[in-house]
Amino acid sequence: MSVRDGLGALSIGGGFAAIADLVVNGGDVLVLILTFLLDQSGLVYLLIARLEAAAPNVAWLPAGTLSTLSTAIALVTAVYTLYRLANRFADRFDDDD
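Numbering (my numbering), first residue to last: 1 to 97.
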């Protein structure tokens, strides 16, 4: 089995699991996973950056995909951080009233 086959099977299974979570739990598990990934985005970014650095020396690592993923994670992290800062800033001024 190749890496591509494993990822393909994981995506199909993950899709069914996501649909089942939405139907049974209203998406609680998906929200939990998304929250975890956003809270640990620095660790995820570090892992992807290290894989991106190793990609030219490891044949089965897709360098272009890892570069794109690294950029996407950095952008999502920046937007999420700005959102949290704006909420904290707004809460601070709401408490002063």
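Virtual Cβ for every residue (Gly too), placed ideally from N, Cα, C. Quick caveat, the model's predicted, so the values are computed rather than measured.
Enclosing alpha helix (DSSP H) for residue i [first to last residue]
i: V44; result: S41 to A54
For residue j and residue i, the rounded distance between their alpha carbons
i: A59; j: Y45; result: 21 Å
i: A63; j: I19; result: 31 Å
i: T99; j: I12; result: Not covered by the structure: residue 99. The range shown for the chain is 1 to 97.
i: V79; j: N57; result: 32 Å
i: V23; j: F16; result: 11 Å
i: L85; j: G14; result: 32 Å
CB contact flag (residue i, residue j, <8 Å)
i: A55; j: L61; result: yes
i: T77; j: S41; result: yes
i: E52; j: L75; result: no
Cβ-based burial, residue i [other Cβ within 10 Å; buried from 16]
i: I73; result: buried
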